[in-house]
Amino acid sequence: MDTSPPIPDPGGPRRDFSTSASEVGPPSFEWLLGRLGARGQRRQRLLLALSCLPCVLVGLALGSDALFALTPLHRCGDPNGTKLPDNATCHGPHGQSGESGGLPILTSNPVTEWSLDHSGSWVIPLEQICFLLGFAAGAVFLGHLADSVGRRSTFLLALALGCPAGILAAFASSPSVFILGRCLWGTMLGAMQLALYITRLELCCPSQRLPVAMAGDLVQVGGRFLLLGLAWVCGSWRVLQGVISAGMGVCLLYGCPGLYPESPRWLLATRRTAQAKDVLLALCQDGNAQEPETREALDELDNICHLPAAAQISFRTLLSCRNIWKNILILGFTTFIAHAISHCYQQAWESMEDPRAKFYFPFLLSAGSAGLGCLFLCLTVHRCGRRGILLLTTTLTGISSLILLGLGEYLNKAARRTFSILGLFTSHAAGSLSIFFAAEVIPTVIRGKGLGITLGLASLGGLSAPLLRVREQHGSFLEHIVLASLNILALLCLLLLPETKRKPLPESLQDGELYRRPSLLRRAGESADRDSHGVSRRDDVPLLSTPNPTS
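Residue numbers for the sequence shown follow this note's numbering, so the first one is 626 and each next one is one higher.
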């Protein structure tokens, strides 16, 4: 006779038969994946790959702004045609005596086509600002739509509207039309990235979330590297903009029935159980659909099909969720600082004399640092925890800033560039991890709204570069000091975050409210809060440690 204690199933639903049937909610998505045998199956891997593939377009679009804002370099000469020495260069308007140094890769861009390199130098920073503001607006406002009508519908809407907006920018006849097209295009790109990120995360069990999220980020970084080759093939900026926009039109094939379904986790959280059952059946292999365990798991959904769909969450109810807002604001603030301060580390490369190397090296260095940051997170976060690695990367970002600010004039060029590379690497890693961390602590029912705020703040952080260009680089040192100070404040705020390693995603607002650290005055032995499925979501570890839960 086996007297060993039963193994708990923390991911499954815990039934209390004293309660009425109307109080029983849907079983957890992780439990259903295990019971259905859909975890790691071919259909699940296909959907994860499909959610990563369009990230190439996001990488191409975000990287193209650097090419469109390039200013050609002119060699100055006197009116008689006598050239000055090779190391004497100047930025002058077209028609001034001198030889144009040309553009890297492209034969033309908006700066050269509309002669914006001198008299209209404010137009290009304005375009960059409008593009980033549009990206932030798309993430925030269409994130609300993703919680209302679904992730798939939001993604297809972003594709359908983004393609004509990109074509409008490609065929713009004036700078004002170009700015309008790029702003609308950025809005759709923000919604597109949001919907893809949430869909990837919600298809995974806890052990899959980190590698899948970082795989999508790596594909996006790959798009930035691919941009150089695509720009060389296209030649003109109009052709490049049109090709990237046409790619969004091709992705409309995701709307074909059965190819890219709605997020089953969102369907369960909003109690659209009939649709969730169809999607979960499609995730199973053909032979698994008739197995007893599969049928029993699907019966769990049939038992709650009579429940109405979850009502729309009111704004007043959302404001009352203080713990959820605390987590969103802390991680949003960290994301903003990480994206804003990354520009400060590129100042060390402004002294490069070769104009082509001055573009290629910082561009490749930024993309390479982002890719290495994703690989670093894949290797360390699962072992050391989200909070621990975020504390480490934020700390290293602050140390690099303080060294460059306080000891920069005493360091040689090699040392300054070494700390610039370190700061660029850690800021990229901190920004990526903050977004991933935010997606894990925000409940499914409002994940679109919460992650939209985080992505919007990341885009607003990127405004530091064009705003500095508008001021003609005046105040860069003061800006770096302010951002370094805010980075220290963000470091202190991170100590208040919970740890989400190996824990299921929160589904309801109640689950999200339980994702918090314990009080420092909490008595030993006091039971931790549990969500609707009996899973403990509150940390039971010291302040600076990372938990290793068995769930």
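Virtual Cβ for every residue (Gly too), placed ideally from N, Cα, C.
The model shown is predicted, which means the values in this text are computed figures rather than measured ones.
Check your understanding: Closest by CA to E655, which one among V858, L905, L692, V1095?
Key -> On the sequence shown, position 30 is the one that residue 655 refers to. Comparing Cα-Cα distances from E655 to each of V858, L905, L692, V1095, the minimum goes to L905.
Review point. Where does C881 land, buried or exposed, given buried means 16+ other C-beta within 10 angstroms?
Key: For the purposes of this step, residue 881 is taken as the residue at position 256 of the sequence shown. Exposed: under 16 other Cβ atoms inside 10 Å.
Check your understanding: What whole-angstrom Cβ distance do E1097 and R1012 have, given they're in contact under 8 Å?
Key -> Residue mapping note: residue 1097 aligns to position 472 of the sequence shown, counting from 1. Residue mapping note: residue 1012 aligns to position 387 of the sequence shown, counting from 1. E1097 to R1012, Cβ: 40 Å. No contact.
Review point. At which residues does the alpha helix (DSSP H) containing H1105 begin and terminate?
Key: Reading the sequence shown from its first residue, position 480 is the one you call residue 1105. Its alpha helix (DSSP H) spans residues 1101–1118.
Check your understanding: What is the rounded straight-line gap between the Cα of R825 and the Cα of P987?
Key -> For this step, residue 825 is matched to residue 200 along the sequence shown. For this step, residue 987 is matched to residue 362 along the sequence shown. Cα to Cα, the separation comes out at about 30 Å.
Check your understanding: Excluding five sequence neighbours on each side, which residues of the same chain lie with their C-beta closer than 6 Å to the C-beta of S647?
Key -> Translated into the one-based positions of the sequence shown, residue 647 becomes position 22. Its pLDDT being 36, under 50, S647 is placed unreliably by the model, and the measurement read from it follows with that caveat. Result list for S647: empty, nothing under 6 Å.
Exercise for review: Have a look at L1111 and L770 and give me their C-alpha separation to the nearest angstrom.
Suggested key: Position 486 of the sequence shown, counting from 1, holds the residue named residue 1111. Position 145 of the sequence shown, counting from 1, holds the residue named residue 770. Distance between the alpha carbons of L1111 and L770 is about 32 Å.
Practice item. Output the distance between the C-alpha atoms of R1127 and D842, rounded to the nearest integer angstrom. Key: If you number the sequence shown from 1, residue 1127 lands on position 502. If you number the sequence shown from 1, residue 842 lands on position 217. Spanning the two alpha carbons is a distance of roughly 21 Å.
Practice item. Would you kindly work out how many angstroms separate the C-alpha atoms of G775 and A816, rounded to a whole number? Key: The count along the sequence shown starts at 1 and reaches residue 775 at position 150. The count along the sequence shown starts at 1 and reaches residue 816 at position 191. The alpha-carbon atoms of G775 and A816 are separated by roughly 12 Å.
Review point. Hey, M873 and C755 are a contact pair by Cβ (cut 8 Å); roughly how many whole angstroms apart?
Key: For the purposes of this step, residue 873 is identified with residue 248 of the sequence shown, where counting begins at 1. For the purposes of this step, residue 755 is identified with residue 130 of the sequence shown, where counting begins at 1. Rounded, the Cβ-Cβ distance is 19 Å, inconsistent with contact.
Check your understanding: For L1119 versus I1014, is the C-beta spacing smaller than 8 Å?
Key -> Position 494 of the sequence shown, counting from 1, holds the residue named residue 1119. Position 389 of the sequence shown, counting from 1, holds the residue named residue 1014. No, these two residues do not count as a Cβ contact at 8 Å.
Exercise for review: Look at the alpha carbon of C677 and the alpha carbon of L781, and state the distance between them as a whole number of angstroms.
Suggested key: Counting from one through the sequence shown, the residue named residue 677 turns up at place 52. Counting from one through the sequence shown, the residue named residue 781 turns up at place 156. If I take the Cα positions, the gap works out to 15 Å.
Check your understanding: Which class does S861 belong to by DSSP, given the choice of helix, strand or coil?
Key -> For the purposes of this step, residue 861 is taken as residue 236 along the sequence shown, with counting starting at 1. In this structure, S861 counts as strand in the three-state DSSP scheme.
Check your understanding: Is the segment 758–770 touching the segment 1072–1080 in the sense that three or more CB pairs, one from each, lie closer than 8 Å?
Key -> Yes: the two stretches touch, three or more of their Cβ pairs being nearer than 8 Å.
Review point. Grouping DSSP H, G and I as helix and E and B as strand, with all else coil, what is S1059?
Key: The residue given as residue 1059 occupies position 434 in the sequence shown. Looking at S1059 - three-state DSSP - the assignment turns out to be helix.
Point to revise | R667 beta carbon near the ligand ATP (any heavy atom closer than 7 Å) | key: As presented, the structure is devoid of all ligands, the ligand ATP included, so that no description of it is given.
Check your understanding: For S733, which beta-bridge partners are listed by DSSP?
Key -> Counting from one through the sequence shown, the residue named residue 733 turns up at place 108. DSSP lists S861 as partners of S733.
Review point. When burial is assigned at 16 or more other CB atoms within 10 Å of the CB, is R667 buried or exposed?
Key: Position 42 of the sequence shown, counted from the first residue, corresponds to residue 667. Flag for R667 reads exposed.
Review point. Would L809 pass as a contact of A790 if the rule is Cβ separation under 8 Å?
Key: Numbered from 1 along the sequence shown, position 184 holds the residue referred to as residue 809. Numbered from 1 along the sequence shown, position 165 holds the residue referred to as residue 790. Against a cut-off of 8 Å, the Cβ pair of A790 and L809 comes out as a contact.
Review point. Cα separation between P750 and Q900?
Key: Your numbering for residue 750 matches position 125 in the sequence shown. Your numbering for residue 900 matches position 275 in the sequence shown. Each residue's Cα considered, the two are about 46 Å apart.
Practice item. Would you mind working out which of Y822, K951, G867 sits nearest A797, comparing C-alpha positions? Key: For the purposes of this step, residue 797 is identified with residue 172 of the sequence shown, where counting begins at 1. For the residues Y822, K951, G867, the minimum Cα distance to A797 belongs to G867.
Check your understanding: Okay, do the segment 952–966 and the segment 1054–1068 touch, 3+ Cβ pairs below 8 Å being the bar?
Key -> yes
Exercise for review: State the CB to CB distance for the pair T1019 and L1116, rounded to an integer number of angstroms; the pair is presumed to be in contact (CB under 8 Å).
Suggested key: Against the sequence shown, residue 1019 aligns to sequence position 394. Against the sequence shown, residue 1116 aligns to sequence position 491. Contact flag correct, Cβ pair sits at about 5 Å.
Practice item. Report the three-state DSSP secondary structure of G684 (helix, strand or coil). Key: As a first step, residue 684 must be located in the sequence shown, where it is residue number 59. Looking at G684 - three-state DSSP - the assignment turns out to be helix.
Review point. Which residue comes first and which comes last in the alpha helix (DSSP H) that contains Y822?
Key: Position 197 of the sequence shown, counted from the start, is the residue given in the question as residue 822. Segment 800–827, the alpha helix (DSSP H) holding Y822.
Exercise for review: For K902, name the three-state secondary structure that DSSP assigns.
Suggested key: The residue you call residue 902 lines up with position 277 of the sequence shown. K902: helix per DSSP, three-state reduction.
Practice item. Helix, strand or coil for N1037, going by three-state DSSP, please let me know. Key: In the sequence shown, residue 1037 corresponds to position 412, counting from 1. N1037 falls in the coil class under three-state DSSP.
Check your understanding: Nearest to A995 by CA position, among P836, L1134, F850, is which residue?
Key -> Along the sequence shown, read from residue 1 onward, the residue named residue 995 stands at position 370. Nearest of P836, L1134, F850 to A995, Cα basis: F850.
Practice item. Look up S1089 in the DSSP assignment and say whether it is helix, strand or coil. Key: By one-based count along the sequence shown, residue 1089 stands at place 464. Helix at S1089.
Exercise for review: Provide the residue span of the alpha helix (DSSP H) that contains D742, from first to last.
Suggested key: In the sequence shown, the residue the question calls residue 742 occupies position 117. From DSSP, D742 is part of no alpha helix (DSSP H); its letter is neither H nor E.
Review point. Is there contact between the segment 935–951 and the segment 1026–1035, where contact requires at least three CB pairs shorter than 8 Å?
Key: They do not touch, by the three-pair rule.
Check your understanding: Between the segment 730–738 and the segment 855–869, do at least 3 Cβ pairs fall closer than 8 Å?
Key -> yes
Check your understanding: Does DSSP put E1065 in a helix, in a strand, or in coil?
Key -> Here residue 1065 refers to the residue found at position 440 of the sequence shown. Looking at E1065 - three-state DSSP - the assignment turns out to be helix.
Point to revise | C-beta contact flag for L819 and L877 at 8 Å | key: Stepping through the sequence shown from its first residue, residue 819 is reached at position 194. Stepping through the sequence shown from its first residue, residue 877 is reached at position 252. No.
Check your understanding: Thinking C-alpha only, which one of S870, Q972, A686 is nearest A1049?
Key -> Here residue 1049 refers to the residue found at position 424 of the sequence shown. The question names Ala, but residue 1049 in the sequence shown is Leu. Among S870, Q972, A686, the Cα nearest to that of L1049 is on Q972.
Practice item. Can you give me the Cβ contacts of M813 inside the same chain, cut-off strictly under 7 Å, excluding the 5 residues immediately before and after it? Key: Along the sequence shown, one-based indexing puts residue 813 at 188. Excluding sequence neighbours, M813 sits near G763, A783, L786, G787, A790.
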